[in-house]
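**Q** Dumping the structure here so I can ask a few things about it.
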Amino acid sequence: MSEEFIAQRLAQGELNQYGQLHGVALPEWQACPVPQPVVMHGQYCRVEPLSVAQHAAGLYAAMQEDGAEANWTYLGYGPFASLTDYTDWLRSMEGLSDPQFYTIIDAASGQPVGLASYLRIDAANGVIEVGHLNYSPLLQQKPAATEAMYLMMRHAFELCYRRYEWKCNALNLPSRRAAERLGFLFEGLFRQSMVIKGRNRDTAWYSILDGEWPAVRQALEQWLAPENFDAVGRQRLALSRLMSDWRNSGVTGN
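Listed below in structure tokens is the structure:
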């Protein structure tokens, strides 16, 4: 986060009678509702609450695709040696309100291809995080991968959350690139924040604020539009280009 950006945020403060800067008043603020399990429908995928009965076998099969083993490096659990072990873990996550797990279903095949969750849900302050992302090779680098994140963002902001977070291992460069591509702004590193599988984790923090969401949403919807893809599914305009347009516009939160 640049010094210019920090200065811009500080400039939004208001002076009180003691000459102290404090935050902008939010006289109409009310706590957000806690997300309830819902199905989110898109063109390329749907995102639905995790169901062990419906999703476990398909998810396990998707996670056995070539290259999927690398997905577990930065997660705090897995890999799982058998469908039974994986099902047991999924069952321990099913039905939780925080983290609240969702399965990503490919619209064309109807097959489960990935997992994601809301977590660290702070309804009182309007803060929510997306995480536990595990995209099988059947989902990676497909329009559905982007659309799933768009659907989860949209739902959170429709519930009036003010801040949508993405956190990842600072060494997980694909996750960091994905966050920036999706419109998240890098905020900094929390050093030695966790121990994962016996190794240190420095955590990279990213966020999108409600004031930034309209521009991010426009970029995502423009990229996801069918006309942005040719007959063989190649993108015509890169999402990174669309996101750079709004970043250069100077729109940075409230």
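In terms of the working numbering, the sequence shown opens at residue 122 and continues consecutively. Backbone N, C-alpha and C fix where the C-beta goes; we use that ideal spot for every residue, glycine too.
(1) With a CB to CB cut of under 8 Å and the five nearest residues on each side skipped, what residues in its chain are close to N137?
(2) Can you give me the start and stop residues for the beta strand (DSSP E) that E286 sits inside?
(3) For S365, count neighbouring Cβ atoms within 10 angstroms of its own Cβ and tell me buried if that reaches 16, exposed if not.
(4) Do three or more CB pairs link the segment 351–365 to the segment 315–329 at distances below 8 Å?
(5) What separation, rounded to the nearest whole angstrom, lies between the Cα atoms of R368 and M273?
(6) Cutting at 7 Å between CB atoms, please list the residues of its own chain near C166, excluding the five before and the five after it.
(7) Would you mind working out which of Y282, N349 and S257 sits nearest I249, comparing C-alpha positions?
(8) Residue range of the beta strand (DSSP E) that M315 falls in?
(9) Is it right to say E379 is buried, meaning 16 or more other beta carbons lie within 10 angstroms of its own, or is it exposed?
(10) In this structure, what does DSSP give as the bridge partners for V234?
(11) Identify which residue in A146, A191 and Y195 has its Cα closest to the Cα of A291.
(12) Cβ atoms of P154 and L280: under 8 Å apart, would you say?
(13) Leaving out the 5 sequence neighbours to the left and right, which residues in its chain are closer than 6 Å to P258 when beta-carbon positions are compared?
(14) Where does Y165 sit, in a helix, a strand or coil, going by DSSP?
(15) In chain order, what residues of the same chain lie with their CB nearer than 6 Å to the CB of W303, ignoring the 5 residues before and after it?
(16) Might you give, ordered along the chain, the residues of its own chain that have their beta carbon closer than 6 Å to the beta carbon of M214, omitting 5 neighbours on each side?
(17) By DSSP, does Y141 sit in helix, in strand, or in coil?
(18) Here's the rule I'm using: 16 or more other beta-carbon atoms within 10 Å means buried, otherwise exposed. How should N255 be labelled?
(19) Considering only C-alpha positions, which residue in the set A191, R275 and I317 is nearest to Q339?
(20) Taking N321 as part of the alpha helix (DSSP H), name the residues at either end of that continuous run.
(21) Does the segment 169–183 come into contact with the segment 228–243, if we say contact requires no fewer than three beta-carbon pairs (one atom in each stretch) closer than 8 Å?
(22) To which residues does DSSP link I249 through a beta bridge?
(23) According to the neighbour-count rule (16 or more other Cβ atoms, all chains shown, within 10 Å of its Cβ), is A237 buried or exposed?
(24) Quick check on Q151: does DSSP put it in helix, strand or coil?
(25) DSSP has P170 in a bridge; who is on the other side?
(26) Nearest CA to the CA of Q262: which residue from M161, D243, G309 and A359?
(27) Quick one: grab the DSSP three-state call for D209.
**A** Taking the definition as stated:
(1) Closer than 8 Å at Cβ, skipping near neighbours: H143.
(2) Counting along the chain, E286 sits inside the beta strand (DSSP E) bounded by residues R284 to N290.
(3) exposed
(4) no
(5) 21 Å
(6) If the five residues before and after C166 are omitted, its C-beta is found closer than 7 Å to the C-beta atoms of I225, I226, D227, A228, A265, E268 and A269, all from its own chain and listed in chain order.
(7) Y282
(8) L306 to I317
(9) One cannot answer for residue 379 here, as it falls past the ends of the chain, which runs 122 to 375.
(10) Paired residues: none, contrary to the question.
(11) Y195
(12) Contact check for L280 against P154 passes: the beta carbons are separated by less than 8 Å.
(13) Excluding the 5 residues flanking it on each side, P258 has same chain C-beta neighbours closer than 6 Å at E186, G188 and A189, in chain order.
(14) coil
(15) Per the sequence presented here, residue 303 reads as Leu, with Trp not at that position. Only M270 meet the Cβ criterion.
(16) For M214, same chain residues with a beta-carbon under 6 Å away, outside a window of 5 residues either side, are F222 in chain order.
(17) Note on identity: in this sequence residue 141 is Gln, with Tyr being the wrong assignment. Coil.
(18) Buried, since its Cβ has 16 or more Cβ neighbours within 10 Å.
(19) R275
(20) Following the DSSP letters along the chain, one finds N321 in no alpha helix (DSSP H) but inside the beta strand (DSSP E) bounded by residues R320 to L330.
(21) yes
(22) According to DSSP, residue pairing for I249 in a beta bridge involves Y285.
(23) buried
(24) Reduced to three states, the DSSP call for Q151 is coil.
(25) Paired residues: Y223.
(26) A359
(27) Residue state, collapsed to three classes: helix.
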